[in-house]
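**Student:**
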DNA sequence: CGCCATACTTACCTTTTGGTGGGTAACCCA
DNA sequence: TGGGTTACCCACCAAAAGGTAAGTATGGCG
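Protein chains in written order, with our numbering: chain Z, 5 to 129; chain D, 5 to 129.
(1) For residue 40 (chain D), decide whether its Cβ has a neighbour in chain Z, counting only Cβ atoms nearer than 8 Å.
(2) What is the residue span of the alpha helix (DSSP H) that residue 90 (chain D) lies within?
(3) Of all the residues that make up the stretch 97-124 of chain D, which are near chain Z by a beta-carbon distance shorter than 9 Å?
(4) Nearest CA to the CA of residue 108 (chain Z): which residue from Z:23, Z:29, Z:56?
(5) With distances taken from CA atoms, which of D:121, D:49, D:22 is nearest residue 44 (chain Z)?
(6) Could you name the residues of the same chain whose beta carbon sits closer than 8 Å to that of residue 55 (chain Z), not counting the 5 residues immediately before and after it, in chain order?
(7) Please state whether the Cβ-Cβ distance between residue 53 (chain D) and residue 93 (chain D) is less than 8 Å.
(8) How is residue 57 (chain Z) classed by DSSP in three states: helix, strand or coil?
(9) Measuring straight from C-alpha to C-alpha, what distance separates residue 69 (chain Z) and residue 34 (chain Z)?
(10) If you measure between the beta carbons of residue 38 (chain D) and residue 76 (chain D), is that distance less than 8 Å?
(11) Does any C-beta atom of chain Z lie closer than 8 Å to the C-beta of residue 28 (chain D)?
(12) May I ask which residues mark the beginning and end of the alpha helix (DSSP H) holding residue 114 (chain D)?
(13) Once you ignore the five residues that flank residue 80 (chain D) on each side, which residues in its own chain have a CB closer than 7 Å to its CB?
(14) Is the Cβ-Cβ distance between residue 26 (chain D) and residue 41 (chain Z) less than 8 Å?
(15) Return the CA-CA distance between residue 96 (chain D) and residue 48 (chain D), expressed in angstroms with no decimal places.
(16) Whose C-beta lies closer than 8 Å to the C-beta of residue 84 (chain Z) among residues of the same chain, with five residues either side of it excluded?
(17) In chain D, what lies closer than 8 Å to residue 33 (chain Z) by C-beta?
(18) Nearest by alpha-carbon distance to residue 104 (chain Z): which of D:123, D:115, D:63 is it?
(19) So is residue 23 (chain Z) in contact with chain D if we call contact Cβ pairs under 8 Å?
(20) Using a 10 Å radius around the Cβ and a threshold of 16 neighbouring Cβ atoms, would you call residue 127 (chain D) buried or exposed?
(21) Could you compute how far the alpha carbon of residue 12 (chain D) sits from the alpha carbon of residue 91 (chain D)?
(22) Select from Z:106, Z:36, Z:65, Z:86 the residue whose C-alpha is nearest the C-alpha of residue 118 (chain D).
(23) Using only alpha-carbon positions, find the residue among D:65, D:111, D:87, D:66 that is nearest to residue 51 (chain D).
(24) Does the separation of the CB atoms of residue 111 (chain Z) and residue 111 (chain D) fall below 8 Å?
(25) Does any residue of chain Z bring its CB to less than 8 Å from the CB of residue 129 (chain D)?
(26) Out of curiosity, what's the CA-to-CA distance linking residue 57 (chain Z) and residue 82 (chain Z)?
(27) From D:36, D:46, D:89, pick the residue whose C-alpha is nearest to that of residue 65 (chain D); which is it?
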């Protein structure tokens, strides 16, 4: 469990791995739309068509959506399945790696909410 | 606890808050050096001087370090304490908000390691 | 006086990211 | 023949992020 993992920052070598792996991981989640895409795929609990994602990810344009999906695919977070039809049909779904993001996303959301409340408090003073 | 939190994606309104809060939170952690900085401050378990950070965050330059620290300060993750001395002494430390990042960082690290191993496996084939 | 240390600031440049507005291929249907 | 659908690609542009190399302020010390 993550809770039990030590902050390996004491040992400089372990620390470097810590920092590297973590920044690498964050790098995968960077990009204006990725979290939202992942969230939508979590919410759908199933694969989504390109056009469906386009509808659900509010404000995104095609180029950006494609770009981010490509990166997510390259990084092993989503799979892309093409159905040889006309008109074309392409579905995107979370991989195991993508699904494994669940707990960390959940913790991040906890923090995000905490932060949200805290910001609201600050604003009220 | 985060583990018990549902994926609130079913309800479109809740989902929007979910996505917003999370992307906001991620936005705070974006930037090439922030995670490493936060990690260093976690590892130090104490405040660090600017020069100490400069040494510990390998590869960063002054401008970037200052920029990222400023943003982290603005976002309430770190505090900046100036000691009116010559030569100057400025210390940076995690706020409560910063320390609250612990669990999510830990989960992210878990995922990062998982991902790392998985990537290594893929590369081996 | 001139040099040192520390924590910056500034001007300038390159790279990356995000965004707009047009194509294009494929087949079905009228 | 020509329009409709879907999932793209491409040329081009604007803004943001990242990086380099220089300078600045302060006071103690020799």
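Ideal Cβ positions, reconstructed from N, Cα and C, are used throughout, including at glycine. Bear in mind that the values here come from a model prediction, so they are computed numbers and not experimental data.
**Tutor:** For this structure:
(1) yes
(2) It is not in any alpha helix (DSSP H) - residue 90 (chain D) carries neither H nor E in the DSSP assignment.
(3) 100, 101, 104, 105, 106, 107, 108, 109, 110, 111, 112, 113, 114, 115, 116, 117, 118, 119, 120, 122, 123
(4) Z:29
(5) D:22
(6) none
(7) yes
(8) helix
(9) 13 Å
(10) yes
(11) yes
(12) 106-128
(13) 99, 101
(14) no
(15) 11 Å
(16) 73, 77, 94, 95, 96
(17) 30
(18) D:115
(19) yes
(20) exposed
(21) Only weak support exists for where residue 12 (chain D) lies, its pLDDT of 49 falling under 50; the coordinates are left without a value.
(22) Z:106
(23) D:87
(24) yes
(25) no
(26) 13 Å
(27) D:36
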